[in-house]
Amino acid sequence: AILAPNYQIDRKQIQMIEALGHGQFGDVYRGILKTNRQIELDVAVKTCKEQDSLTTEKFLEEAYVMQKFDHPHIIKLIGICTTHPILLIMELAKLGELRSYLVANRNDFDVITLLVYCQQLSSSLSYLETKKFVHRDIAARNVLVSNHECVKLSDFGLSREIDNSYYKASKGKLLPVKWMAPESSIPNSEVIDKIENGERLPMPSPYCPPKLFELMKECWRYEPSLRPSFTQIEGSIRSILDNERSNVKS
Ligand code: ATP
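In case it helps, UniProt numbering puts the sequence shown at residues 317 to 566.
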């Protein structure tokens with residue numbers, strides 16, 4: 317097997333190649349993992365600058381969460397080096413963050429490709445839903461691109477197994493208010509006022525399938541119980557995608 321039990325990896329197996337970006341705890345690198353069968357795997361390596369036990373425990377939380385998941389559209393944890401400096405080794409998404417990928421290739425996406433991304437992500441989110449997990453920071457900047465036809469959910473630093481504390485903002489943490497449901501978001505904020513006054517974003521593009529915009533509006537319902545579950549969203553997106561594909565053929 318590639319992994320030792322409990323995901324321990326020996327630092328000597330890792331070769332750092334280049335920096336990919338900055339994480340909350342330290343730089344993230346592209347690297348190569350040499351397995352004990354002499355196979356070389358491209359990986360992403362997260363580092364943790366601070367070495368005190370409180371910080372490293374927080375840093376490792378993401379790994380504890382990620383190892384529970386096995387889904388084709390969720391970035392996989394490959395392993396961790398637990399001696400200092402602690403490393404978290406993950407599956408590499410070669411094309412980086414979805415947000416910058418969308419901006420950089422603005423004119424190169426057809427509706428079908430964008431719907432394929434939505435379908436892949438809705439399947440990963442319905443998987444998390446069956447496991448009773450909330451990601452809490454779903455946004456294009458937290459989705460990574462493996463290739464032009466494949467995106468994966470990442471960044472489980474804010475995710476939680478559902479319990480009663482879910483709706484309370486943790487002290488001192490910055491939360492993505494504009495992307496949050498009003499009942500979980502900070503009261504008295506400008507965004508909440510607008511949402512409570514019924515304000516919503518318009519249709520994102522004239523190419524947006526009307527059924528997709530209908531689905532978006534259902535997700536933005538003020539009353540939480542009226543919003544679709546991810547399993548329902550996955551089904552709706554699948555049928556919108558099938559419909560678009562048959563339109564292209566005919
Ligand atoms: P933040 O909370 O600010 O998003 P973070 O600690 O969660 O930071 P990430 O956002 O996960 O860190 O990683 C920082 C950057 O490193 C990402 O924006 C991305 O460009 C790159 N990166 C992270 N993980 C991977 C990966 N598996 N494959 C490719 N690139 C990655």
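Note that the Cβ used here is the ideal one computed from N, Cα and C, for glycine as well.
Scanning the region 500-527 from its first residue to its last, no whole beta strand (DSSP E) run of 3-plus residues comes out. Taking the Cβ of Phe341 as the reference point, at least one heavy atom of the ligand ATP falls within a distance shorter than 7 Å. Excluding five sequence positions before and after Arg543, the CB atoms of its chain that fall closer than 7 Å to its own CB belong to Glu534, Cys535 and Arg537, given in chain order. The Cβ-Cβ distance between Glu477 and Lys448 falls below 8 Å.
Listed as beta-bridge partners of Arg476 by DSSP are Val450. Val381: member of the alpha helix (DSSP H) spanning Ser369 to Met382, first to last residue. At a cut-off of 7 Å, the beta-carbon of Ala379 does not count as near the ligand ATP: no heavy atom of the ligand is closer than that. In this structure, the beta-carbon distance from Gln324 to Ile396 falls below 8 Å.
The three-state secondary structure of Asp424, taken from DSSP, is helix. When secondary structure is reduced to three states using DSSP, Tyr417 falls in the helix class. Here Ser462 carries a strand assignment [DSSP, helix/strand/coil].
Counting only residues of its own chain and dropping the five nearest sequence neighbours on each side, Arg516 has a CB closer than 8 Å to the CB of Lys533 and Trp536. With respect to the C-alpha of Pro388, the residue from Val461, Gln548 and Met519 having the closest C-alpha is Val461. Taking 8 Å as the upper bound for CB-CB distance, Val359 and Ile394 are in contact here, some 6 Å apart.
Annotation for Lys392: no beta strand (DSSP E) segment contains it, and DSSP assigns it neither H nor E.
Beta-bridge partners assigned by DSSP to Ala456: none are found.
Contact check for Pro401 against Cys434 fails: the beta carbons are separated by 8 Å or more.
Annotation for Gly342: Thr363, Cys364 and Lys365 place their beta carbon closer than 6 Å to its own, counting only its chain and skipping 5 residues before and after. Of the candidates Ile556, Asn559 and Gly473, the residue whose Cα lies closest to the Cα of Phe375 is Gly473. For Ala335, the pairing in a beta bridge is given by DSSP as Tyr345.
One thing to note: Ile390 has its Cβ within 8 Å of the Cβ of Leu469.
Non-local beta-carbon contacts of Gln331 in its own chain, meaning distances under 7 Å to residues more than five positions away in sequence, involve Gly347 and Ile348 in chain order.
A residue is called buried when at least 16 other Cβ atoms come within 10 angstroms of its Cβ; Asp471 meets this threshold and is buried.
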